[in-house]
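A.B. asks: Line by line, the protein sequences give chains E and A. Each residue of the first sequence is one higher than the one before, counting from -17 in this note's numbering. Each residue of the second sequence is one higher than the one before, counting from 4 in this note's numbering.
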Amino acid sequence: MGIRVKVEDVSMSFGVVHALKGVSIEINDGEVVGLVGENGAGKSTLLKVLSGTNQPDSGHFILNGKKEKFASVADATRAGISMVYQEQSLLPNISVAENILLGIEGEAIKLGTYSPRKVRKVAAEYLRRVNLDVDPRTRTEDLSFGTRQMIEVAKALAVAEFSGKPPVVLLDEPTSVLERKEIKVLFDVVRSIKKETSVVFISHRLEEVLEISDRVYVMRDGEVVSEVKPNQVSVDELFALMVGRDLTQSYFREELTNVPESSNRLEVKNLSGDGFKDVSFEMKKGEIVSFLGLQDSGRENLARVIFGALPGKSGKILLDGERYKVKNTTHAVKCGIGYIPSERKTDGVVLAMSVAENLTMSHPDEVTTLRLFNKGKMNRVVLSWIDRLGIKTPGGDTPIRSLSGGNQQKVVLAKWLMDENLRLLILDTPTRGLDVGAKTEIYAILRDLAAKGISILFLADALEEGIFMSHRVFTMKDGKISAEFPSAPGARPERTDVVERML
Amino acid sequence: MKAKIKSSRSFSTIQERGFAPVIVLAVLFVILYAISPDSITPKSMSAMLDQAAVLLLLAAGQCLIILMGRIDLANAAMCSAFTVVTAVCLNKWGMKSLVLTVIVAVVVGALQAVLHSFFQVPSFVITLGFFGIAGGTALVISEASTVLVEEKMRFTKPLFFATSPLPIAFIAALAIVGLVGIAIVKTPWGRALRAVGLNQRATTYSGINTFLVVTSGFILSNLFILLGAYGNVGQLGTASARIADSYLLPGIAAVVVGGTSIAGGIGGLGRTIWGVMIIALLRIGLDIIHVPQNVQPVVYGLVIIVAIAITVDRKRVTVVA
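Structure representation (structure tokens):
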């Protein structure tokens, strides 16, 4: 097994920020290399250097024994390296085949004319290699997000191989927007192409990195701090390497687990709504209940109906034993229910407003006198929450747009926590897209809330998160609850059992 | 390259803080004074501001709608209709019937909001419809002729025809607009209005009843328009079906020149007051340099395009809902 690409002593800075400091890594033939690190550790910058998007200040690559530098993306693709981007780069209004071969039509163009048949034939071959049963003539926008992601991979393969060199495909967080089932397909594809293709894989989900990689580089503050084999480390150990602290607590902060109270906070009886039917369950005070399911499982709409953001069709909800007939979100908030939507940037925060404005959006009465905003009160309240949740921001007047994802999410949490009568918090994938450091902080806050008697309805982003964070796990499938598992530290349900009830 | 970035940054701070219209106003003033020093007297300025009272009220109404990320194309036509309704009411039933006009304005605003929210039709479509409805209704009520107000509104007389050197009508309008302007900055309702203009979904998910917020905005806007109609009756003593139609462009121009984002959420009535003064001064300037009345709308149209082109935030995609 030879070395495909060697990165030697690459450094790069943006102004005063050293994004990469003397980074050296090797990518071998037929190998999946994992790259982990917190946001800002330099993973994405390293990939951008490899793909020719950014040029390093110093250092070089060694390809086939020769020193090389890439001046552009074109240089990188000529060397057989291509990248699958986080945000999809396919054109929506042309066919799958045209997308895969866009710019690398090669033999499909003869004498300046374009042969759609030839394009389809070549594209079909790449679709077969990523196990996709899609007609190459399909308009790209008619396909699901997960399928488009797989087409992205096919395109990257095509681009890399067009060079005639052995291909290297870079995957920058390809799984962050995929469902569990789609991730499995992606991993199968990665395993099947790695015979001839080297793959570099970034993900914030450490379990995934350990599952798919042959070797993992851990990055911190622009440096490679360690290189590990997946079978030699656990998620907790990998996490400790990434954040660089000696962790007395675990990633999921299980040491903070509480015992729920005996009385019921929420009783849902035969609730039906758009996308789910006849759902019944109960939640104790101070209980964390996670819901796991695929995109169309109905769990998102179930959460929205309880919060009053969508109308329910039939059924009954009791809150602390009293009938709760929710009219709209305003009514839900008055009853002490909070909701954190999954799309933080578009639904969770008002990006153009300040930290203080977002933080006090739901409960402005806490910072007004005679219905007018009181600057002094506002400052006191906002600063106390910034302090309590460790929100990294210069101040309350800072536009929330300039905060990192994790800190934005903490502001959204604070928005609900400031309600002294908060009874139930509904969270739709609150850790999506956050780095692991921010995730553990959110986990700790949730455990802390539960200990105070607040019930938490948790739509988990990843399987582990759902299993390890909760007192009970519900799985949903086709709009119905398909199973219920008790969950406690040391007595967690088996992930295979849980997955089985989701699919 | 670096210098260019820096200058555009300092421009954007001026823009964000709302200083730009004050600077524009000052420059315009100096230019006018340089061209024709005689035309800038305390008396002419006072008259100019009184003339601008109706524009201020209409622009304030438009501003509320634009803050919510919407637009009101019926604004000026509705003012014409309200002017006719007010004149007819006064002629038939006297001062007490002004209550009726208030009811009409509230119903119109609520109807616009309900149609807009429940059928999820963009505001420009709804208000374009109301533009037609207002124009037709005004023609029917006025029987397509000019309605003379037999007894000029007693309460507007001191506003427009007092001997005081101060622009009383403008000051009265300013006081009302200023009060609502403060409410927009200082109250949770005002913040919700701006939040709806920036991101309605996130606002709903925060537990704010966005339907009520939007409805309140439309009703308040139409009440401003009604006040503008009172101003028309008081000032002119007549009403006709097209009397205020020409205010649409200068009204929108005043809002955007004042620095309220056409995409919603950013800006406010304070900025609109500056915008109205700019447009009022511009109008005098156009008269001084002998631009014919018929050509003036061309100028307002250009002002809107240029002001939006300079200030629009290109990172935000949708412009008007």
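Even for Gly, the Cβ is constructed at its ideal location relative to N, Cα and C. These numbers come from a predicted model, not from an experiment.
Using only the alpha-carbon positions, how far apart do G419/E and E20/E sit?
C.D. replies: For the purposes of this step, residue 419/E is identified with residue 437 of the first sequence, where counting begins at 1. For the purposes of this step, residue 20/E is identified with residue 38 of the first sequence, where counting begins at 1. In a straight line, the C-alpha of G419/E is about 7 angstroms away from that of E20/E.
A.B. asks: Would you kindly check if the distance between the Cβ of G290/E and the Cβ of V308/E is under 7 angstroms?
C.D. replies: Position 326 of the first sequence, counted from the start, is the residue given in the question as residue 308/E. Position 308 of the first sequence, counted from the start, is the residue given in the question as residue 290/E. Yes, they are a contact pair.
A.B. asks: Alpha carbon to alpha carbon, how far is V141/E from I424/E?
C.D. replies: Numbered from 1 along the first sequence, position 159 holds the residue referred to as residue 141/E. Numbered from 1 along the first sequence, position 442 holds the residue referred to as residue 424/E. So the two alpha carbons sit approximately 40 angstroms from each other.
A.B. asks: Return the chain-ordered list of same chain residues with a C-beta closer than 8 angstroms to the C-beta of I222/A, the five sequence neighbours on each side being excluded.
C.D. replies: As a working mapping, residue 222/A is identified with position 219 in the second sequence. Excluding positions up to five away in sequence, the list reads A108, V109, G112, A113, A116.
A.B. asks: Can you tell me the Cα-Cα spacing of H313/E and V364/E, whole angstroms?
C.D. replies: On the first sequence, residue 313/E is found 331 positions in, with the first residue counted as 1. On the first sequence, residue 364/E is found 382 positions in, with the first residue counted as 1. Between H313/E and V364/E, the C-alpha separation is close to 24 angstroms.
A.B. asks: Strictly below 7 angstroms CB to CB, what residues from chain E border I136/A?
C.D. replies: Residue mapping note: residue 136/A aligns to position 133 of the second sequence, counting from 1. The premise fails here: I136/A is roughly 30 angstroms from chain E at the closest Cβ pair, so nothing lies under 7 angstroms.
A.B. asks: Using alpha carbons as the reference points, say which of F355/E, L84/E, V(-8)/E lies closest to V188/A.
C.D. replies: Here the question's residue 188/A lines up with position 185 in the second sequence. Among F355/E, L84/E, V(-8)/E, the Cα nearest to that of V188/A belongs to F355/E.
A.B. asks: In the DSSP assignment, the alpha helix (DSSP H) including F121/A goes from what residue to what residue?
C.D. replies: If you number the second sequence from 1, residue 121/A lands on position 118. Unbroken alpha helix (DSSP H) run through F121/A: 101 to 121.
A.B. asks: Starting from M1/A, follow its DSSP beta bridges and name the residues at the other end.
C.D. replies: Given that chain A is displayed from residue 4 to residue 324, the structure contains no residue 1/A and the question cannot be resolved.
A.B. asks: Determine, using beta carbons only, whether L354/E comes closer than 7 angstroms to chain A.
C.D. replies: Your numbering for residue 354/E matches position 372 in the first sequence. So, interface residue.
A.B. asks: When the Cβ atoms of the stretch 435 to 453 of chain E are set against those of the stretch 270 to 287 of chain E, are three or more pairs found closer than 8 angstroms?
C.D. replies: As far as the Cβ criterion goes, the stretch 435 to 453 of chain E touches the stretch 270 to 287 of chain E, which means the pair count is three or higher.
A.B. asks: Where does L371/E sit, in a helix, a strand or coil, going by DSSP?
C.D. replies: Numbered from 1 along the first sequence, position 389 holds the residue referred to as residue 371/E. L371/E falls in the coil class under three-state DSSP.
A.B. asks: Suppose the cutoff is 7 angstroms on Cβ atoms and the five residues either side in sequence are ignored; what does the same chain contact list for V258/A look like?
C.D. replies: As a working mapping, residue 258/A is identified with position 255 in the second sequence. Contacts found: A62, Q65, C66, I69, T275, G278.
A.B. asks: For N252/E, report the span of its alpha helix (DSSP H) as first-last.
C.D. replies: Counting from one through the first sequence, the residue named residue 252/E turns up at place 270. Unbroken run through N252/E is the beta strand (DSSP E), 246 to 255; no alpha helix (DSSP H).
A.B. asks: Where do the N-terminal and C-terminal ends of the beta strand (DSSP E) with A23/A fall, by residue?
C.D. replies: For this step, residue 23/A is matched to residue 20 along the second sequence. Taken as a continuous stretch (DSSP letters only), A23/A belongs to no beta strand (DSSP E), being part of the alpha helix (DSSP H) at 23 to 38.
A.B. asks: Opposite P468/E in the DSSP bridges: which residues?
C.D. replies: In the first sequence, the residue the question calls residue 468/E occupies position 486. Paired residues: R454/E.
A.B. asks: Name the residue from A266/A, V236/A, I282/A whose alpha carbon lies nearest to the alpha carbon of S126/A.
C.D. replies: Counting from one through the second sequence, the residue named residue 126/A turns up at place 123. Minimum Cα distance to S126/A is reached at A266/A.
A.B. asks: Answer yes or no: the CB of L272/A versus the heavy atoms of the ligand MN, is any distance below 6 angstroms?
C.D. replies: The ligand MN is not part of the structure shown, which contains no ligands of any sort.
A.B. asks: Just reading off the alpha helix (DSSP H) that Y425/E is part of, what are its end residues?
C.D. replies: The residue labelled residue 425/E in the question sits at position 443 within the first sequence. Segment 418 to 433, the alpha helix (DSSP H) holding Y425/E.
A.B. asks: I'd like the span of the beta strand (DSSP E) that includes V198/E, first residue to last.
C.D. replies: The residue labelled residue 198/E in the question sits at position 216 within the first sequence. That run of the beta strand (DSSP E) goes 197 to 202.
A.B. asks: What residues in its chain sit with their C-beta under 6 angstroms from that of M51/A, if we drop five residues either side in the sequence?
C.D. replies: To locate residue 51/A, count along the second sequence from 1; it is residue 48. Correct list, in chain order: A283, I287.
A.B. asks: Who are the Cβ neighbours of A426/E in its own chain at under 7 angstroms, not counting the five residues just before and after it?
C.D. replies: By 1-based counting over the first sequence, the position of residue 426/E is 444. So the list reads R235, L238, once near-sequence residues are dropped.
A.B. asks: So R274/A contacts chain E; which residues on that side make the cut at Cβ distance below 9 angstroms?
C.D. replies: Within the second sequence, the letter at position 271 stands for residue 274/A. None at all; the shortest Cβ gap to chain E is about 16 angstroms.
A.B. asks: Let me know if W96/A comes out buried or exposed under the rule of 16 or more other beta-carbons within 10 Å of its beta-carbon.
C.D. replies: Position 93 of the second sequence, counting from 1, holds the residue named residue 96/A. So W96/A counts as exposed.
A.B. asks: Take Y67/E and list the residues in its own chain whose beta-carbon comes closer than 8 angstroms to its own, dropping the five residues that flank it on each side.
C.D. replies: Within the first sequence, residue 67/E is the residue found at index 85, counting from 1. Here the set comprises E134, D154.
A.B. asks: At 9 angstroms on the CB atoms, spell out the chain E contacts of R194/A, in chain order.
C.D. replies: Position 191 of the second sequence, counted from the start, is the residue given in the question as residue 194/A. Neighbours of R194/A on chain E, chain order: M335, E339, T342, M343, P346, F355.
A.B. asks: According to DSSP, what are the bridge partners of S243/A?
C.D. replies: Locating residue 243/A in the second sequence gives position 240, counting from the first residue. In DSSP, S243/A forms no bridge with anything.
A.B. asks: Compute the Euclidean distance between the alpha carbons of V481/E and G275/E, then round it to the nearest angstrom.
C.D. replies: As a working mapping, residue 481/E is identified with position 499 in the first sequence. As a working mapping, residue 275/E is identified with position 293 in the first sequence. Going from the Cα of V481/E to the Cα of G275/E covers about 9 angstroms.
A.B. asks: List, in chain order, every chain A residue whose beta-carbon is nearer than 9 angstroms to that of K397/E.
C.D. replies: As a first step, residue 397/E must be located in the first sequence, where it is residue number 415. Per Cβ cutoff of 9 angstroms: S209.
A.B. asks: Taking the alpha-carbon of S64/E as reference, which of S245/E, P148/E, G204/E, H186/E has the nearest alpha-carbon?
C.D. replies: Sequence index remark: in the first sequence, residue 64/E carries index 82 (1-based). The shortest C-alpha separation from S64/E is found at P148/E.
A.B. asks: Residues in the stretch 297 to 311 of chain E with C-beta within 7 angstroms of chain A's C-beta atoms, listed in sequence order?
C.D. replies: From the stretch 297 to 311 of chain E, only N310, T311 have a Cβ closer than 7 angstroms to chain A.
A.B. asks: Roughly how many whole angstroms lie between the Cα atoms of V261/E and F450/E?
C.D. replies: Taking the first sequence and counting its residues from 1, the one referred to as residue 261/E is at position 279. Taking the first sequence and counting its residues from 1, the one referred to as residue 450/E is at position 468. Each residue's Cα considered, the two are about 23 angstroms apart.
A.B. asks: Let me see if you follow: with CB-CB separation under 7 angstroms, is A205/A close to chain E or not?
C.D. replies: Counting from 1 along the second sequence, the entry for residue 205/A is found at position 202. Chain E, which has a Cβ nearer than 7 angstroms to the Cβ of A205/A, makes this yes.
A.B. asks: If distances are taken between C-alpha atoms only, which option among P376/E, L407/E, G257/E comes closest to I463/E?
C.D. replies: Translated into the one-based positions of the first sequence, residue 463/E becomes position 481. Of the listed residues, the one whose Cα sits closest to I463/E is G257/E.
A.B. asks: Can you tell me which of the three DSSP states R194/A falls into?
C.D. replies: To locate residue 194/A, count along the second sequence from 1; it is residue 191. Three-state DSSP puts R194/A in a helix.
A.B. asks: Go ahead and pull the three-state DSSP assignment for H186/E.
C.D. replies: In the first sequence, the residue the question calls residue 186/E occupies position 204. In the structure shown, H186/E sits in coil (DSSP, three-state: anything other than H, G, I, E or B).
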